[in-house]
Each structure stands twice: as structure tokens, then as C-alpha cells.
DNA sequence: TACATTTGTAACCAAACTTGTTACTAATTC
DNA sequence: GAATTAGTAACAAGTTTGGTTACAAATGTA
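Chains as they are written, first to last, in our numbering: chain A, 2 to 151; chain B, 2 to 151.
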């Protein structure tokens, strides 16, 4: 999920700085993120299901944010990416010893102990919005984030 | 890294409850973790380099904890697993657009914004020791964690 | 209507990664 | 010397990932 999370954030930050209501095509986004338009559209499917973006087909179509960038957090992105995937930590061995129940007990125990770690990370992710990402990008790109610059 | 982290924790918890100074063979550990002895030995290589365990070859050989279980945290395990691997979050796209520097800027920005999230998770992992994992296992395995039970 | 554009999605391929396995060497004990 | 056990290389099967092509559906425009 590594690159997907990063690419999704990249895309959302791009959409955040685009003209409001002006759809951005998967081709432009792919060019900016350095990937293939179909990869972007695949990602969009996930983001759309999560209610973070809206797309429109046809000429002049593309994708826009479904709500203000200030109301989309990195946790939303994280959850969207995670929804279609296994847990960040797949606790427990794959083939616990059938000969006793230590395997399943280990699973439960690790889940319980990892829980706070994951919760802490979620809280930190929830504190960052896509708007902040965009603003941070603006600071680091002195000339601003124009269409030509990615 | 999913299963490796879990299996490593499993192994360390097992070693923590073993007789102190009594080496445990990779075969026994593999049987408990439901994997292959060679997989365990591979993992041991990493844990040994991280200074968490010590091994001894030959008849009666095996592996013991290199320091008390109360002084080994899940963060130590996490770091050991991560040392030989890419970051948890590979921030930044794989192929940033060469045509401008948004790619690298995005990379820096995401690293800065994800930083607190990763730090929060690390702090939570550092708060849990292998001894706690072992004790938690003991609570959940009423009969205790005997050699026969995994 | 015809056509160009753009998304949605399936299908496929190649590369990378993971896990299990075999095989062999080195070290250690008896 | 024999048995045991770690260390490690090498390989195979399975899974995952990312990129790509192909094509249908939708939408705007002439």
C-alpha cells in the first residue's frame, strides 16, 4: 500500500490546488504523479467509494474533490486505502500450530498490544488535512504549484 | 514485513518464557510459530544483528534472548525488521515527474507530515516489552505456556 | 447525428517480493 | 568420529504490484 497511499495523497493535494469545480483528467494527474492514467483511475475508484472525490466522464471530464480540502484528513486517505486491503500489521502467524491454541492466542494478544500503536498513528494522521499538505507544498515550491510545474 | 514482525514477536515471547540460559532450537520455534526452521533461522539472523538474541551451534545449541525480556520492546523488534527493508510508508511517488521538481518536493512534504504519525506509533510500540507480551499470553493461556502447548 | 474526449473496468504481463524447501558447510557436544 | 544444530545459499511456487492495452459507457461539441 506504500505507493498507493503516497500517490493518493499526491493526487488529492493536486486536486486541492486546482480551480474549484474544474475537473482534472487522469492523464494530467498521472503525469504529475509519474504513473499511468489507468493507475490513477484505479486509485480514483477507491477514493470515490470513500466519498473523497467525484468524477465525470466525457469530454472536459475528470475528477474533483468531493468536499473541501480542509475537511479531508490523511486518516481518511489511509482508511480508504486500507479498506480494500489487509491490516497494516497482520498480527499472528499465518499457520498457527494446530496442535495447541497458542497460535490464536498469540493473534489476540498481539492485536491487543498493537492496538494502541495503530491508534496513535491514526490520531496523528487525523491531525493533518489535505489542505495542509497543499499549503506545505506551496511553501516548498516558491513559484507556486502551477499546471506546468506538475 | 507483516508476518515477519508477528513471527519475530512470537519467537521472542517464546524465548522469554523458556528456561533462562536454556537455548531453544529453530525446530521447536518453527513448530510453535507454524513455519519452517530455516525461516526461523533467517529471522534470527536479523534479530541477532539487532542484538536481541544470541545463538549457539552444535548439539544442544539454539537461541536465547541477549538481554532480559523486560528490556526488549516491540519498537526494538520493529526497528530490527525495518532495518533490512524500506520504510513503513514509502512516501513520494516512485517516478516523480522529471519535468519539474514537484516529485521531490512532494516526497519531502509527505515525509514531514507523516513524521508525527510514525513517531506516535513508535512511541506506542516502545511502551510494550516482550515480557509484557509473554505475560499477556500467560493470562490468555490458563494452563500456562508449556513446551507442549507451543 | 457523428465524433472526439474521458472515465470505468477487465485482462494481461513482467518484475518484485514472500514463504517454504532442499542442500550443504561450520561449529559444537558426546 | 558421530550426531546435532546454526548459518546460508539457492531455488521454486505463490502472491502482489505496477504498468499497459483494450474496449465499453458516458458526455460534450460541431
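Glycine included, each C-beta is placed from N, C-alpha and C at the ideal position.
Worksheet item: For residue 12(A) versus residue 41(A), is the C-beta distance shorter than 8 angstroms?
Response: Taking the first residue of the first chain as 1, we reach residue 12(A) at position 11. Taking the first residue of the first chain as 1, we reach residue 41(A) at position 40. Taking 8 angstroms as the Cβ cut-off, residue 12(A) and residue 41(A) qualify as a contacting pair.
Practice prompt. Report the three-state DSSP secondary structure of residue 142(B) (helix, strand or coil).
Written response: Here residue 142(B) corresponds to residue number 141 of the second chain, with the count starting at 1. Here residue 142(B) sits in coil by DSSP.
Worksheet entry | Contacting residues, own chain, Cβ-Cβ under 7 angstroms from residue 129(B) (five flanking each side not counted) | Within the second chain, residue 129(B) is the residue found at index 128, counting from 1. If we look at residue 129(B) and ignore the five residues flanking it on each side, its Cβ neighbours are 74 and 75.
Discussion item. Quick check: residue 15(A) and residue 32(A), are their CB atoms within less than 8 angstroms of each other?
Written reply: For the purposes of this step, residue 15(A) is taken as the residue at position 14 of the first chain. For the purposes of this step, residue 32(A) is taken as the residue at position 31 of the first chain. Not in contact: residue 15(A) and residue 32(A) (Cβ atoms no closer than 8 angstroms).
Discussion item. If I follow the unbroken alpha helix (DSSP H) through residue 16(A), where does it start and stop?
Written reply: Start at 1 with the first residue of the first chain, and residue 16(A) comes out as number 15. 3-18 is the extent of the alpha helix (DSSP H) around residue 16(A).
Fill in: Close Cβ partners of residue 52(A) (< 7 angstroms) along its chain, the five nearest in sequence each way excluded
Sequence index remark: in the first chain, residue 52(A) carries index 51 (1-based). Only 67 meet the Cβ criterion.
Discussion item. Using DSSP's beta-bridge definition, name the partner residues of residue 63(B).
Written reply: Along the second chain, one-based indexing puts residue 63(B) at 62. Its beta-bridge partners are 57(B).
Worksheet item: At what residues does the alpha helix (DSSP H) containing residue 130(A) begin and finish?
Response: The count along the first chain starts at 1 and reaches residue 130(A) at position 129. Note, residue 130(A): premise wrong, no alpha helix (DSSP H); not H, not E.
Practice prompt. Compare the C-beta of residue 43(A) with all C-beta atoms of chain B and state if any pair is closer than 8 angstroms.
Written response: Translated into the one-based positions of the first chain, residue 43(A) becomes position 42. So no, residue 43(A) is outside the interface.
Fill in: Separation of residue 124(B) from residue 117(B), as counted between CA atoms
Within the second chain, numbered from 1, the residue matching residue 117(B) stands at position 116. Within the second chain, numbered from 1, the residue matching residue 124(B) stands at position 123. Each residue's alpha carbon lies about 10 angstroms from the other.
Worksheet item: Taking Cβ to Cβ, would you say residue 19(B) is nearer than 8 angstroms to residue 70(B)?
Response: The count along the second chain starts at 1 and reaches residue 19(B) at position 18. The count along the second chain starts at 1 and reaches residue 70(B) at position 69. Contact flag unset, no.
Worksheet item: Where do the N-terminal and C-terminal ends of the alpha helix (DSSP H) with residue 27(A) fall, by residue?
Response: Within the first chain, residue 27(A) is the residue found at index 26, counting from 1. Where residue 27(A) is concerned, the enclosing alpha helix (DSSP H) stretches over 27-34.
Worksheet entry | Within-8 angstroms CB hit, residue 117(A) to chain B | Taking the first chain and counting its residues from 1, the one referred to as residue 117(A) is at position 116. Cβ-Cβ to chain B under 8 angstroms: yes for residue 117(A).
Discussion item. What does the alpha-carbon distance come out to for the pair residue 62(B) and residue 38(B)?
Written reply: As a first step, residue 62(B) is located in the second chain; it is residue number 61 there, counting from the start. As a first step, residue 38(B) is located in the second chain; it is residue number 37 there, counting from the start. Rounded to whole angstroms, residue 62(B) to residue 38(B) spans 14 angstroms at the Cα level.
Worksheet item: Hey, does residue 18(A) have any beta-carbon neighbour from chain B nearer than 8 angstroms?
Response: Residue mapping note: residue 18(A) aligns to position 17 of the first chain, counting from 1. Not one chain B Cβ lies under 8 angstroms of residue 18(A).
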